[in-house]
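Colleague: After the structure tokens below, expect a handful of questions from me.
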Amino acid sequence: MRVRVTAVSALFLGVLIAILVGGAAQAGGVRAASGNPADLTEAAAPKCPREKIASKDDVIQIVGQLSDTRTDPCTPVSGVKISVEDAENGEVIGEATTGEDGTFVVPLPGAAIDNLGRTVTVKIDEGSLPKGSVLTDPSDVENTKRIVIEGNISFTFPIGPDPSPPTPVWQRVIQLLVTGLIFSSMLALGALGLSMIFGTTGLTNFAHGELVTFGALVAFAFDAGVGLPVLVAGVLAVVVSGAFGYAQDAALWRPLRRRGTGLIAMMIVTIGLSIFLRSLYQYFAGSDNHNYSQYATVEPFSVGPVDVTPKELLVTLLAVVVLVAVTQALQRTRMGKATRAVADNPALASASGINVERVISVVWIGGTALAGLSGFLLGMTQGFDFQLGFKILLLIFAAVILGGLGTIWGAIVGSVVVGVFIELSTLVIPSELKFAGALAVLIVVMLFRPQGMLGRAERVG
Amino acid sequence: MAADTPTAAEDMSTVARQGLVDVEHQPGAKKPDPIVVADKVVRKFGGLTAVDVEHLEIQRGVITALIGPNGAGKTTFFNVLTGFDRPDDGKWSFGGKDIQGLSAYQVARLGMVRTFQLTKVLSRLSVIENMLLGATGQSGESIWQAMLRPLWGQQERDNTERADALLKRFQLDAKREDFAGSLSGGQRKLLEVARSLMVEPELVMLDEPMAGVNPALKQSLLGHVKSLREDGMTVFFVEHDMDVVRDISDWVIVMAQGRIISEGPPEAVMSDQRVIDAYLGAHHDAALSVEDEDAILAAAREEIEAAEEQESHG
Amino acid sequence: MDIANQLTLALEQAFGPSAIIICLAAIGLNVHFGYTGLLNFGQAGFMAVAGYGVASIVSTWGFSFWLGLLVGLALTVVLALLLGIPTLRLRADYLAIVTIAAAEIIRFVVGASSLRGYFGGQDGLQQYTGSFFALNPYSSQMGGLGLSWSKADFWIMTVGWGLVVLFSLMIFLLMRSPWGRVLKGIREDEDAVRSLGKNVYAYKMQSLVIGGVIGGFAGFVSGLYQSVQPTNFATDITFFAYTVLLLGGAARVLGPLAGAVIFWFLISFLDNFFSAATSGDNPLIPTALMSHQQASLMRFVFLGVALMLLMIYRPQGIFGDRRELAIDGR
């Protein structure tokens, strides 16, 4: 038994590493992660690459960086005029233009000690910003700080798209609705996989996000590493994902079930697995954002008031077709019925002669393949990095719980609600808080209807 | 516990048992001194009506058994009465006080304490800790006093004394310091009953106390249940083992498909045609294969209930 | 490669402020998970509201640091109540998901550039700790036995380890009381405890508040050591605290302490080792296999594996009692 487990795990680790090395070779280089033990968490948070600006002895410099946050990682913005004024009397005490790396340096005249306690205002000449760009936060045009330490005083100015000309609200609503539905379709693939695995095994899988990323990475390895067409790479990614699901169940979860490991303990194991896989992804694929070699940039076309790209249409169509196929299979096929029977009641299913372990194995294959497809499609539409799945994990959970844990349609309905809500909420709240809004709704729903929208109230005690 | 000179409590229980002589052998029969009175208790799961009890009274000071085929709704009824489940409708009282809508812990504090079908000992607590947890009104259980031992030390010593006496009575004193999880199935049942006595209940509700207990321990457990009655407590228990029911119960209530179909002393109930029909089911003259199927389903249902208990536990 | 120096550096980390932060977070989780069986996956959120509470009171509103501490603590209590009211009646994994979601909401909000005026966006808030360091009795580097720390770090360590001792003593006293017995009972089987007349919901809430407040102190120390920034309160920190707790042994008073020291020692040593092994002209590990940047990821790889192995093979922790494991297969 143990020998087989080791063999299987060695096999899937081998496959994983081989694929990732292929991807990494193409990706070329790995961006630095912090080496200071104090910032254990840094690797998990997306950030604009910060240029290090050397400080000078005994001079206070006003430094800063302009970056375009529309891309991940941010791209520096050059050629923007900056002026520094004394906040008290409005006198201009220095000027600069951002360089190639988006940074600017304005040394304050006089010794450092003289400038301590002074308050300065940094102003941006908005006219010198590149066309189509504005400051993400318009109030950034003027930014005032009091100088309290010696050394560099740093300012950042995130830059985003120019929203003008203003579109009518109804048009924005429709556009957001469409964008939301596109995202929902991909979210639903991940949610359905999570829900199926939860339904049959009771496992709350915190590593499900990594299964999503897995699909995106494997497709990237076949695309950029091997040189296959992207769509072929995508198909292969789904197949490899399925194999990964099988191997994971056979090597890890099945033995744990046999040992009678509790669900809570298994949940913590999934957290370890999540950290482990995510670090491996970053190890081999780096921290950069990747795009597939084809379809990276596609011109959108307008359908009435809505802009969509052919790629988005294709992706959504594909996702919907797969969702319909899977739900139909669950409703109609022998295996699907067996799956639902196991989800309903493993003991009863087992007593009626269903091979529960085999069903669970198939569910792991299917669930991981769905997650992998979700990752591939997400990568197609918006590019991806090593934490693609980790970033949407909580949204997947939200979708599954909103719809009703373990119910098939619940996962899909929940995804649509979450996806559309996320986009529509940006009408009211800043778009950087849209994920937070969706999570808040999750908490509120749990308050009033813990079984989810489609779930049945369960028997207690 | 058979004493030569009857104590006051034993006297009372004899009186209580005599009170049952005149009670009608009908579902929902009125009792002379009921401790629990339930009316129109309904609990539905989806489309299935698990419990539909029109009227029920439980006589104070006697041992009443609740029997019925698998899936009759006995455990669900137990859960509803003790506040562990919410009914769709109904009202019931304990000692004259309406208690529907009360939480499980409030019901227990009133003196109506239950045990579980799948024994719920607290595995990683020692046997004596399990016992001490049962004591009510402990000032050391308040967060504001917990850190200061002098505030609760004396009470703890008193409770420990009482717990040790009970452990001795239930022959668990040798296991005092062991983790409860290391006890055998029968010992767990004993511990659970002993622990429920720490609450000083008026009514003890036992859900299948004999399930999974080996024959040797069964006799001693039976003795203990009887001794509860001698101590003046009321016992209401769910049981499948008919020998046990016949042996210790003063009154038997039969449930089938959520309803109470018969009541009476053990001998009367067991010869009741309605009870025989309920146990054998509508299929009792059909082909063997159907019975096989029933047996399989019953076994499966037990497994499910076990799994569900496990789930709510894990 | 200078192994002796690396060991020294690792030991400094093992007793330094970082270890204190994770230790306090884990003491809080020990109350939640170890004693009560509550799955709080949002300890980072408790740390964040406390850390940002004090930082914002000082930097944004201009009130005193000490008032800030009180506000921070009040906020952790409020957060515990907010999370507990809807979820403590529900299944265990619901609490896990709600707490992790809440922690992420908090991180998104304090990091939002539209709220930069209050919380400083991704840069966070700095320079609000003057009142704390004004009390620093140390005037130079401190240490001994070949280890040394800066005077600021040593002052944080003095207060921080003081807090660890204080809370450990408090947990010791609480958990040997009847109150602690109820919590442990709830961990084993809440229905059984309910059937004995205990208000399980109230006890769970008390546990959530106490553990959350201790987590809040972890947030304070984190803010003193490295300023408050959204990245310091990411979900990972919660999971590190779980690893620390499981390493030292859940439901043991000194589990988090032992776990934190060992955890930081191993993590820092691995970090230093792989960093040294991949740097220089002729690195010990060829660059083709592992670059200097990749080396910094090794600790996460080990961390993930360690968490899995611990949970599978030694859920009772490295100092744990086999007797406990023998009882139930969990």
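Chains as they are written, first to last, in the numbering used here: chain A, 1 to 461; chain B, 462 to 775; chain C, 776 to 1105.
Virtual Cβ for every residue (Gly too), placed ideally from N, Cα, C.
All values derive from a computational prediction rather than experimental measurement.
Would you call the CB atoms of S154 (chain A) and V63 (chain A) closer than 8 Å?
Modeller: Yes. Within cutoff.
Colleague: So M822 (chain C) is in the alpha helix (DSSP H); what residue range does that whole segment cover?
Modeller: First-last of the alpha helix (DSSP H) with M822 (chain C): Q818 to S834.
Colleague: Among B:A672, B:S587 and B:D619, which has the Cα closest to the Cα of G1124 (chain C)?
Modeller: There is no way to answer for residue 1124 (chain C), as the model of chain C reaches only from 776 to 1105.
Colleague: Quick one: residues in its chain with C-beta nearer than 8 Å to the C-beta of S889 (chain C), no 5 flanking neighbours on either side, listed in chain order?
Modeller: Closer than 8 Å at Cβ, skipping near neighbours: no residue.
Colleague: So, at 8 Å on beta carbons, what are the nonlocal neighbours of I589 (chain B) in its own chain, with the 5 sequence-adjacent residues on each side left out?
Modeller: T621, A624, D625, L628, R637 and E638, listed in sequence order.
Colleague: Within the chosen definition, does the stretch 482–494 of chain B reach the stretch 655–672 of chain B through at least 3 CB pairs nearer than 8 Å?
Modeller: No contact exists between the stretch 482–494 of chain B and the stretch 655–672 of chain B.
Colleague: Which residues of chain B have a Cβ atom closer than 8 Å to the Cβ of N815 (chain C), listed in chain order?
Modeller: Correct list: empty, because the minimum Cβ distance to chain B is about 18 Å.
Colleague: Is V356 (chain A) helix, strand or coil when you go by DSSP?
Modeller: In this structure, V356 (chain A) counts as helix in the three-state DSSP scheme.
Colleague: Quick one: what does DSSP say L749 (chain B) is sitting in, helix, strand or coil?
Modeller: At L749 (chain B), the pLDDT of 48 sits below 50, so the modelled position is not reliable and the matter cannot be decided from this model.
Colleague: Can you tell which of A:D307, A:L135 and A:G202 has the C-alpha that lies nearest to the C-alpha of V173 (chain A)?
Modeller: Checking every option, the nearest Cα to that of V173 (chain A) belongs to A:D307.
Colleague: Between N540 (chain B) and D549 (chain B), how many whole angstroms is the CB-CB distance? I'm expecting something under 8 Å.
Modeller: About 13 Å separates the two Cβ atoms, so there is no contact after all.
Colleague: Name the residue from C:A823, C:I832, C:S839 and C:S831 whose alpha carbon lies nearest to the alpha carbon of V852 (chain C).
Modeller: For V852 (chain C), the nearest C-alpha among the options comes from C:A823.
Colleague: Between the beta-carbon of V706 (chain B) and the beta-carbon of V696 (chain B), is there less than 8 Å?
Modeller: The answer is no: Cβ separation not under 8 Å.
Colleague: Residues of chain C with CB under 7 Å from T201 (chain A), in chain order?
Modeller: Those do not exist, as T201 (chain A) stays about 13 Å from chain C at its closest Cβ, beyond 7 Å.
Colleague: Output the distance between the C-alpha atoms of Q248 (chain A) and W364 (chain A), rounded to the nearest integer angstrom.
Modeller: Each residue's Cα considered, the two are about 8 Å apart.
Colleague: Cβ closer than 7 Å: which chain C residues qualify as neighbours of Q387 (chain A)?
Modeller: Correct list: empty, because the minimum Cβ distance to chain C is about 11 Å.
Colleague: Given that N805 (chain C) touches chain B, what residues does it touch there, using C-beta distances under 9 Å?
Modeller: Near N805 (chain C) there are no residues of chain B at all, since even the closest Cβ is about 15 Å away, more than 9 Å.
Colleague: Closest by CA to I946 (chain C), which one among C:G921, C:I881, C:R1027 and C:F816?
Modeller: I946 (chain C) has its Cα closest to that of C:R1027, out of C:G921, C:I881, C:R1027 and C:F816.
Colleague: Going along the chain, which unbroken runs of the beta strand (DSSP E) with 3 or more residues stay wholly within the stretch 253–319 of chain A?
Modeller: If we require 3 residues or more, the beta strand (DSSP E) runs fully inside the stretch 253–319 of chain A come out as 301–303 and 306–308.
Colleague: Please confirm whether P37 (chain A) has its beta-carbon closer than 8 Å to some beta-carbon of chain C.
Modeller: Annotation note: pLDDT 34 at P37 (chain A) (below 50); position unreliable, no value reported.
Colleague: Where does the unbroken alpha helix (DSSP H) through Q616 (chain B) begin, and where does it stop?
Modeller: Taken as a continuous stretch (DSSP letters only), the alpha helix (DSSP H) holding Q616 (chain B) covers G614 to R630.
Colleague: Spell out whether any CB of chain B is found under 8 Å from the CB atom of L963 (chain C).
Modeller: Here residue 963 (chain C) turns out to be Glu, not Leu, going by the sequence shown. Closer than 8 Å: yes.
Colleague: Under 8 Å: do the stretch 528–543 of chain B and the stretch 708–722 of chain B share three or more Cβ pairs, one atom per stretch?
Modeller: Touching, yes.
Colleague: Measure the alpha-carbon distance for E485 (chain B) versus G646 (chain B) and round it to whole angstroms.
Modeller: Spanning the two alpha carbons is a distance of roughly 38 Å.
Colleague: Compare the C-beta of G895 (chain C) against all C-beta atoms of chain A and say whether one is closer than 8 Å.
Modeller: No, G895 (chain C) does not count as interfacial toward chain A.
Colleague: When the Cα atoms are used, what is the spatial distance from E458 (chain A) to M694 (chain B)?
Modeller: Low local confidence applies: a pLDDT of 45 at E458 (chain A) is under 50, so the model's placement there is unreliable, and no value is given.
Colleague: Against T204 (chain A), what residues of chain C qualify as contacts under a CB-to-CB distance less than 9 Å, listed in chain order?
Modeller: D868, A871 and I872, listed in chain order.
Colleague: Just how far apart, CA to CA, sit S793 (chain C) and G562 (chain B)?
Modeller: S793 (chain C) and G562 (chain B): Cα-Cα distance of roughly 50 Å.
Colleague: Under a Cβ-count criterion, where at least 16 other Cβ atoms within 10 Å of its own Cβ denotes burial, should P676 (chain B) be classed as buried or exposed?
Modeller: Its Cβ having fewer than 16 others within 10 Å, P676 (chain B) is exposed.
Colleague: Can you give the Cα-Cα distance for W936 (chain C) and M950 (chain C), rounded to whole angstroms?
Modeller: Near 21 Å, if we compare the C-alpha coordinates of M950 (chain C) and W936 (chain C).
Colleague: Indicate whether G847 (chain C) and V829 (chain C) have their beta-carbon atoms separated by less than 8 Å.
Modeller: Yes, they are a contact pair.
Colleague: Among C:G896, C:I931, C:A887 and C:L814, which one has its Cα closest to the Cα of V873 (chain C)?
Modeller: Closest option to V873 (chain C), Cα to Cα, is C:L814.
Colleague: Report the CB separation of L228 (chain A) from F222 (chain A) in whole angstroms; it is logged as a contact under 8 Å.
Modeller: Yes, L228 (chain A) and F222 (chain A) are in contact; Cβ-Cβ is about 5 Å, under 8 Å.
Colleague: Considering Cα atoms alone, identify which of C:F1038, C:M917, C:E879 and C:L1020 is closest to W930 (chain C).
Modeller: For the residues C:F1038, C:M917, C:E879 and C:L1020, the minimum Cα distance to W930 (chain C) belongs to C:M917.
Colleague: Report yes if the CB atom of E787 (chain C) is closer than 8 Å to the CB atom of L922 (chain C), and no otherwise.
Modeller: Cβ distance < 8 Å, so E787 (chain C) and L922 (chain C) count as in contact.
Colleague: Starting from the beta carbon of S587 (chain B), find every residue of chain C whose beta carbon is closer than 9 Å, and list them in chain order.
Modeller: In chain order: nothing, as chain C lies at least about 10 Å away.
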